[in-house]
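Novice: Supplied in structure tokens, the structure appears directly below.
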Amino acid sequence: MAETDSRPSNFIRQIIDKDISQGLHTNIQTRFPPEPNGYLHIGHAKSICLNFGIAEDYNGQCNLRFDDTNPEKEDIDYVNAIQQDVSWLGFDWHGEVRYSSNYFDQLHGFAVELINKGLAYVDFSSQEKMRELRGTLTEPGKNSPYRDTSVSENLALFEKMRNGEFKEGECLLRAKIDMSSDFMCMRDPALYRVRFAHHHQTGDKWCIYPMYDFTHCISDAIEGITHSLCTLEFQDNRRLYDWVLSHITIDTTPHQYEFSRLNLEYTVLSKRKLIQLVEENHVNGWDDPRMPTIAGLQRRGYTSASVREFCKRIGVTKMDNMVEMSMLEACLREELNSSAPRAMAVLEPLKIVIENYGDEEVENLTAANHPSDETMGSRSVPFSKEIYIEAEDFKEEANKKFKRLVLGKEVRLRNAYVIKAERVEKDQQGNITTVFCSYDKDTLGKDPADGRKVKGVIHWVSASRGVNAEIRLYDRLFSVPNPAGAEDFLGSINPDSLVIKQGVVEPSLIDAELQAPMQFERTGYFCKDKDSQDNKLVFNRAVGLRDTWAKMDQA
Ligand code: ATP
Ligand code: MG
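In terms of this note's numbering, the sequence shown opens at residue 640 and continues consecutively.
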């Protein structure tokens, strides 16, 4: 198992250690707050491992809370997929799944409290007017003409908003803070807007919906969250987070801490862009094995342990950076090298006829499931007169570096005999269609008796007993390291991100479990795909045996 078991250390854990040692908290509570407007991606995995990992290590609790304040963009399918992904990653949330919408009544009450305190008002300015009055980073904003409406009038107007008496966009409830603040988010931010939208949890109960900044801090406080961890783009909003909590009547005071988001090379991690990839059919759905989604990684053959290990290795800091894709791949490769059972599959079949082997004979040879782990046992692999080898494993002529099959020379078939290539048959275009060979029957599991040295070992599959399989070779979805940096990210989609081969696999793979990764000897790590049917097996390549991109980057 490649997963390291040491506890991570990072600036957030240092803050928690200090809070505990100073007696500020005895019980640590975190939350993971996804918006159900898309599938989770590897960036979310970083946040999940951080929040759930802290709860685990400090004997605390981590809530799963859907931040569901944008009903038009959200969907119950996303709610379900997100829960599955968090579970697959190996984490249990505390108690029931929570929703910000659980707190809509309380949130409404706190909005009324702010109005009563003269700290919120209903604004009917047009969008253009509001933008104009907001000012810029270098210029202070100006007060809205609605800012000094009386408390009683604001209460009545907010009630009308709630009762559906205003149109969408006609008015907003805004906090009354400071139009000249250096922080744009403090210039009388919106608290509530009108939306006549059906909500996946609350149905048609509401036609006003609270904004993220108002909702998030209050939800944290209601749940007794002690450390509210989010990504750096919310750094400024921490002022608003603290402002709201200090002006309403609520007991607990959670604190927000920000860390840098994960950026990963050769992919995009913005939900907006991921949705575009799916909706415009650049990929085959959210769980396309090329997608950086948790569902895609899982289908590709990633294990949850390898994803957790990756999150551990990248660490948690306040520094923005771009993580190499090879780091994620290495986590999987390292784990599977020791844990994945071996099997034989030929991706580009070339027929071999062993002329001195019995026409009808079939032997069941024994193959170890792992070269160095006997506890993984062995399986039976049928051997027959006609077999397939990888087309690239045969050459009519080659120098000594080519340790595979060459005309007139010998090679060992993995788990089987030594064969010698005697002659070839070609089609009219000169392509080799069959290689006729002889085998040395005294070489099963031992070297030739007369001391002949046979260096190369190649894999093979019985032609009569092997099973046809579609083999999907996946590569990076984008051909440039930072596709999001380009004006049109779709322009750099890697045209070879999916290459389909019609191969042959050993018959034991008919019973392979879906998504259980294995090594196809000499070609990479693969898993059976859910598109497999009884008469058509489909395998996905999770990752190759070596980092082929590292070589290319140097070239
Ligand atoms: P996107 O920008 O892709 O739309 P988001 O931040 O809006 O993502 P949410 O569903 O709101 O998506 O995210 C839930 C949690 O996951 C938040 O706390 C967010 O900060 C965190 N998160 C999202 N993307 C990343 C990332 N790339 N790296 C680390 N954490 C992330
Ligand atoms: Mg968000």
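For each residue, glycine too, the CB sits at the ideal point set by N, CA and C. This structure is a prediction, so every number in the text was calculated from the model and none was measured.
To the nearest angstrom, report how far apart Ser1018 and Met983 are at their CA atoms.
Specialist: Per the sequence presented here, residue 1018 reads as Arg, with Ser not at that position. Roughly 11 Å between the two C-alpha positions.
Novice: Assuming Tyr996 and Gly1105 are in contact, meaning their beta carbons sit under 8 Å apart, how far apart are those beta carbons, in whole angstroms?
Specialist: Their Cβ separation, rounded to whole angstroms, is 16 Å, which puts Tyr996 and Gly1105 out of contact at 8 Å.
Novice: Could you spell out where the alpha helix (DSSP H) holding Ile914 opens and where it closes?
Specialist: Run containing Ile914: Lys910 to Glu918, per the alpha helix (DSSP H) assignment.
Novice: Quick one: complete beta strand (DSSP E) runs, 3+ long, within the segment 647 to 683?
Specialist: For the segment 647 to 683, whole beta strand (DSSP E) runs of length 3 or above, ordered along the chain, are 668 to 671.
Novice: Do Thr892 and Leu884 have their beta-carbon atoms positioned less than 8 Å apart in this structure?
Specialist: Yes. Within cutoff.
Novice: According to DSSP, simplified to helix, strand and coil, what is Glu897?
Specialist: Reduced to three states, the DSSP call for Glu897 is strand.
Novice: Nearest CA to the CA of Arg1185: which residue from Asn976, Asp1089 and Glu1109?
Specialist: Of the listed residues, the one whose Cα sits closest to Arg1185 is Asn976.
Novice: DSSP three-state label for Thr775, please.
Specialist: Residue state, collapsed to three classes: coil.
Novice: Within 10 Å of its beta-carbon, does Gly1130 have 16 or more other beta-carbons around it, so buried, or fewer, so exposed?
Specialist: It is exposed - the Cβ of Gly1130 has fewer than 16 other Cβ atoms within 10 Å.
Novice: Cβ atoms of Asn690 and Thr669: under 8 Å apart, would you say?
Specialist: Against a cut-off of 8 Å, the Cβ pair of Asn690 and Thr669 comes out as a contact.
Novice: How is Leu796 classed by DSSP in three states: helix, strand or coil?
Specialist: Note: Leu796 maps to helix in three-state DSSP.
Novice: In terms of alpha-carbon separation, which member of Trp732, Ala795 and Met823 lies closest to Thr775?
Specialist: Taking only the C-alpha atoms, the option nearest Thr775 is Met823.
Novice: For Asn1107, does the three-state DSSP call read helix, strand or coil?
Specialist: Strand, per DSSP.
Novice: Let me make sure I understand the geometry here. Which of Val790, Phe797 and Val833 has the alpha-carbon closest to that of Glu809?
Specialist: Answer by Cα proximity: Val833.
Novice: With DSSP collapsed to three states, give me the class of Glu1064.
Specialist: Here Glu1064 sits in strand by DSSP.
Novice: Helix, strand or coil for Ala1123, going by three-state DSSP, please let me know.
Specialist: Helix, per DSSP.
Novice: Return helix, strand or coil for Ile889, following the three-state DSSP convention.
Specialist: In this structure, Ile889 counts as coil in the three-state DSSP scheme.
Novice: Please classify Ser945 as buried or exposed, where buried requires at least 16 neighbouring CB atoms within 10 angstroms.
Specialist: It is buried - the Cβ of Ser945 has at least 16 other Cβ atoms within 10 Å.
Novice: What does DSSP give as the partner residue(s) for Ser1017 in the beta ladder?
Specialist: Its beta-bridge partners are Ala1007.
Novice: Among the candidates Arg952, Thr1082, Lys1085 and Ala1151, whose CA atom is the shortest distance from the CA of Ser648?
Specialist: The residue with the shortest Cα to Cα distance from Ser648 is Arg952.
Novice: Please confirm whether any heavy atom of the ligand ATP lies closer than 7 Å to the CB of Asn1043.
Specialist: Checking the sequence, you will find Arg at residue 1043 rather than Asn. Because no heavy atom of the ligand ATP lies under 7 Å away, the Cβ of Arg1043 does not count as near it: no.
Novice: How about Pro849 and Leu746: do their beta carbons lie closer than 8 Å?
Specialist: Contact: yes.
Novice: Buried or exposed for Glu1145, please, with buried defined as at least 16 other CB atoms from any protein chain shown within 10 angstroms of its CB.
Specialist: Flag for Glu1145 reads buried.
Novice: Could you check the C-alpha separation between Asp1192 and Tyr760 for me, to the nearest Å?
Specialist: Here Asp1192 scores only 46 on pLDDT, less than 50, and its place in the model is too uncertain to base an answer on.
Novice: Tell me the rounded alpha-carbon separation between Thr854 and Asp875.
Specialist: Rounded to whole angstroms, Thr854 to Asp875 spans 16 Å at the Cα level.
Novice: Taking C-beta to C-beta, are His733 and Gln766 nearer than 8 Å?
Specialist: No, the pair does not count as a contact, with Cβ atoms beyond the cut-off.
Novice: Do you know offhand how far Pro828's Cα is from Arg813's?
Specialist: Those two C-alpha atoms are separated by around 5 Å.
Novice: Does Asp852 come out as helix, strand or coil in the three-state DSSP assignment?
Specialist: Note: Asp852 maps to helix in three-state DSSP.
Novice: Would you be able to state if there are at least three C-beta pairs under 8 Å between the segment 1023 to 1043 and the segment 986 to 1006?
Specialist: With a cut-off of 8 Å, the segment 1023 to 1043 and the segment 986 to 1006 count as touching, because enough Cβ pairs lie within range.
Novice: Who are Asp762's beta bridge partners in DSSP?
Specialist: Answer is Leu811.
Novice: Any chance you could list the beta strand (DSSP E) runs of at least 3 consecutive residues sitting entirely within the segment 677 to 720, in chain order?
Specialist: You should have 700 to 705.
Novice: Tell me which residues share the same chain as Arg773 and place their Cβ nearer than 6 Å to its Cβ, disregarding the 5 neighbours each side in the sequence.
Specialist: Answer for Arg773: Gly780 and Arg826, listed in chain order.
Novice: Pick from Val992, Ile847, Val1143 and Ile681: whose alpha carbon is nearest that of Tyr905?
Specialist: Of Val992, Ile847, Val1143 and Ile681, the residue nearest in Cα terms is Ile681.
Novice: Following a CB-centred definition, is Leu901 positioned closer than 7 Å to any heavy atom of the ligand ATP?
Specialist: Leu901: yes, Cβ under 7 Å from the ligand ATP.
Novice: Can you list, in chain order, the residues of its chain whose CB lies under 7 Å from that of Cys869, leaving out five sequence neighbours each side?
Specialist: Excluding residues within five positions, the ones whose Cβ falls inside 7 Å are Gln895 and Glu897.
Novice: Can you grab the Cα-Cα spacing for the pair Lys1040 / Val1050, in whole Å?
Specialist: Between Lys1040 and Val1050, the C-alpha separation is close to 13 Å.
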